[in-house]
Amino acid sequence: MNGQNLMFLPTEVAPGQTFDLAMNFKAPVIEGSYRGNWQIRNDKGEIFGTTATANRPFWVDIKVKAPNLTGTIYDFVSNACSAQWTSGAGTLDCPGVNRDNDGFVLKQSTARLEDGSFRLTPSLLTAPQNVSNGYIRGVYPSFTVQRGDRFRAIINCEGGATSCGVLFRVDYQLADGIIRDFWAFGERYEGDYFTVDLDLTPLAGQDVKFVLTVLSLGSASGDRALWVEPRIVRTAPAVTVTPIP
Numbered sequence: 003m004n005g006q007n008l009m010f011l012p013t014e015v016a017p018g019q020t021f022d023l024a025m026n027f028k029a030p031v032i033e034g035s036y037r038g039n040w041q042i043r044n045d046k047g048e049i050f051g052t053t054a055t056a057n058r059p060f061w062v063d064i065k066v067k068a069p070n071l072t073g074t075i076y077d078f079v080s081n082a083c084s085a086q087w088t089s090g091a092g093t094l095d096c097p098g099v100n101r102d103n104d105g106f107v108l109k110q111s112t113a114r115l116e117d118g119s120f121r122l123t124p125s126l127l128t129a130p131q132n133v134s135n136g137y138i139r140g141v142y143p144s145f146t147v148q149r150g151d152r153f154r155a156i157i158n159c160e161g162g163a164t165s166c167g168v169l170f171r172v173d174y175q176l177a178d179g180i181i182r183d184f185w186a187f188g189e190r191y192e193g194d195y196f197t198v199d200l201d202l203t204p205l206a207g208q209d210v211k212f213v214l215t216v217l218s219l220g221s222a223s224g225d226r227a228l229w230v231e232p233r234i235v236r237t238a239p240a241v242t243v244t245p246i247p
């Protein structure tokens with residue numbers, strides 16, 4: 003709980019005397035019950051606790067519970083250039099250059115959807131390397147997932163990109179460096195868009211590097227894949243701490 007691990011008594015304490023000690027703790031972000039164990043050290047460096055044999059610690063117990071609140075706590079657009087973007091041609095710049103044959107990623111403030119409408123929301127325009135079955139991939143910095151977190155976005159081909167045919171992927175990477183499957187969706191230009199709402203609870207409690215990938219379904223010529231407002235929404239961003247008697 004991030005409390006200090008040593009505190010000097012502020013005054014001499016006589017046998018049978020009592021006084022209060024105050025110490026600040028930080029509640030963990032994951033729900034559950036937590037205990038901090040403590041013992042006393044005398045002037046000879048000997049450690050002792052409670053009970054007749056002085057071998058039991060005393061403790062502080064808390065219970066952390068998250069209320070149901072909603073808010074965006076990670077924005078994949080504003081953090082896009084903190085990610086490492088690659089294609090079959092190697093590492094890519096962020097932001098990239100429109101129509102770069104090696105593949106590119108661009109941050110946009112306005113999104114033009116397949117149905118011809120416009121959204122004044124942050125979006126990522128991603129284009130795979132311009133080869134058959136080309137791809138583009140962004141590996142984001144580590145993020146600690148909590149129970150109830152959700153990935154949300156609108157995905158489609160950019161309006162006007164009529165030859166677009168791609169596979170959208172949301173995957174993840176743990177400390178071992180292996181990229182694991184989480185979700186995929188095939189998209190061809192048909193004049194409509196798809197709303198994504200993924201429950202990330204299976205990853206709760208882990209430090210995760212999320213991976214956004216777009217793969218061409220055949221020729222990459224004309225593939226312009228649009229992630230509209232990709233974000234993680236937390237349904238429990240705050241914690242309530244209840245001391246346990």
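Numbering (our numbering), first residue to last: 3 to 247. No residue lacks a Cβ here, since even glycine has one placed at the ideal position from N, Cα and C. Bear in mind the structure is a predicted one, so any value in this text is a computation, not a measurement.
Whole angstroms are fine: how far does the CA of residue j sit from the CA of residue i?
| i | j | result |
| --- | --- | --- |
| V168 | R37 | 50 Å |
| Q110 | K65 | 43 Å |
| L202 | S84 | 21 Å |
| E48 | P30 | 31 Å |
| S35 | V15 | 32 Å |
| M9 | R139 | 50 Å |
| F27 | W61 | 13 Å |
| R236 | R152 | 6 Å |
| P59 | G179 | 40 Å |
| F78 | G188 | 20 Å |
| F21 | F184 | 54 Å |
| S119 | R154 | 19 Å |
| T112 | A186 | 24 Å |
| N4 | T13 | 25 Å |
| F2 | N39 | Only positions 3 to 247 of the chain appear in the structure, and residue 2 is not among them; the question remains open. |
So, using beta-carbon positions, are residue i and residue j closer together than 8 Å?
| i | j | result |
| --- | --- | --- |
| S165 | S223 | yes |
| V172 | L214 | yes |
| V230 | S80 | no |
| F145 | Y76 | yes |
| Q131 | D95 | no |
| A177 | D199 | no |
| V147 | Q175 | no |
| V99 | A82 | no |
| G220 | N135 | yes |
Buried or exposed: where does residue i fall if 16 or more other Cβ atoms within 10 Å of its Cβ makes it buried?
| i | result |
| --- | --- |
| G18 | exposed |
| T128 | buried |
| Q6 | exposed |
With respect to the beta strand (DSSP E) encompassing residue i, which residues constitute its N-terminal and C-terminal limits?
| i | result |
| --- | --- |
| A206 | Per DSSP, A206 belongs to no beta strand (DSSP E) and is neither H nor E. |
| G188 | 181 to 190 |
| D77 | 73 to 77 |
Between the Cα of residue i and those of the options, spot the shortest distance and give me the residue it belongs to.
| i | options | result |
| --- | --- | --- |
| R226 | I234, A163, D199 | A163 |
| L122 | P143, D45, F212, I156 | I156 |
| A56 | F153, G220, I42, D151 | I42 |
| F196 | C159, R182, F184, L219 | C159 |
| R233 | F212, S221, L219, G220 | F212 |
| D194 | R182, R114, S134 | R114 |
| R149 | E33, L23, D22, N44 | E33 |
| V133 | T20, F170, K67, A91 | A91 |
| D102 | Q86, Y137, D45 | Y137 |
| L11 | P97, G161, L23 | L23 |
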